[in-house]
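In what follows, a single structure is set out as C-alpha cells and then discussed.
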Amino acid sequence: IAVTEGPFLERLMLVNVILVLFNLLPAFPMDGGRMLRALLAIRLPYGRATRIAASIGQAMALLFGFVGLIGNPFLLFIAFFVWIGAAHESNMVQIRTVLGGIPLGDVMLTEFHRLSPEDPLARAVDLTLAGSQKDFPVVVDGRVIGVLTQSALVKGLREGGESSRTASFMRTDFEVVDPADLAEAVLPRLQSSDLQLLPVVRDDALIGLINLENVGEFLQIQRALMDEA
C-alpha cells in the first residue's frame, strides 16, 4: 500500500501546487487578479482599477488561448473561463460603482407617450414608428392600469387588427417602483422581468419609466464622465 500511495500523494501534491500557482497569476477574476486590483485601487478609483485588472486578465486569456491552439486544448477552456469571468466581474463592478446611491428619479425617462385603454392599436403603431419607444404605459386619470409591450402589440395586430382596443392586449401583471428607490437595487428586478419596463409612480401617479435601454445609456454617459475625470 505504501508503494502505491507514495506516487499518488506526490502527484496530488504537485497538482495542488500547480493550481495554487495558477490561481495567483494576475488574471482577473482569479485571486492573483483580485490582488492586482487591490494594489491598483490604492492609487486609482475602484472602478478604474477593476477595468485595468480585467483588461490584463483578458490579455492573459488571449495568451492562454493562443498557447492552447498550438499544443494544449485544455488551455482553451481556461482562456474562455478567464475572459468571460473578467468581463462579467468588470461589468458588475462598473454598474455598482455608477449606480450606487443614485435614486431612480435621476435615471428614469420623463418624456414618453402614454396610451388610454380605449386607444386603438393603430395609435401605438404610429407612436412606435415615429420614435424609439417600444413599450407603452396604459394610463387612466394619471394612474397606470397596464403596459402594452411590443410583443403584445404585434399579437394584437395579428389577432384583431389596428382597430383593436389597447385594453384587450395590455399586460396587467406589472410592477411599479418609487422614484426614491435606488437604481442599483431596482436593476436586478428589471433584468428579471419579462416586461423590460417598470413604471415609476409617486402617490399612485405615473411620473416616469425605467427600462434597460435608458439605464444602459445612463451607464455609458456616467462612465464617460468618470473616464474624463
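Numbering-wise, the sequence shown is residues 278 to 506 according to my numbering. Where is the CB? At the ideal position from N, CA and C, for every residue including glycine. Quick caveat, the model's predicted, so the values are computed rather than measured.
| Query | Result |
| --- | --- |
| Buried or exposed (CB count within 10 angstroms, at least 16 for buried), I355 | buried |
| Paired residues, beta bridge with I487 - DSSP | L475 |
| Beta carbon of P303 nearer than 9 Å to that of E366 | no |
| Minimum C-alpha distance to E452 - residue among A318, A460, V424, K432 | V424 |
| Which of helix, strand or coil DSSP assigns to R320 | coil |
| Nonlocal neighbours in the same chain, by C-beta distance under 7 Å from L317, ignoring five residues either side | A326, I329, A330 |
| For R400, the first and last residue of its enclosing beta strand (DSSP E) | Careful: R400 lies outside any beta strand (DSSP E), inside the alpha helix (DSSP H) at 398–407. |
| Pairwise C-alpha distance: R288 and V280 | At V280, the pLDDT of 46 sits below 50, so the modelled position is not reliable; the number obtained from the coordinates is stated separately. Their Cα atoms are separated by approximately 13 Å. |
| Distance, K432 Cα to P322 Cα | 48 Å |
| DSSP three-state assignment for V415, whether helix, strand or coil | strand |
| Alpha-carbon to alpha-carbon, V478 and R466 | 16 Å |
| Endpoints, beta strand (DSSP E) assigned at I422 | 420–425 |
| Among G378, G438, N491, nearest to A399 - alpha-carbon criterion | G438 |
| Proximity below 9 Å, CB of W360 to CB of G334 | yes |
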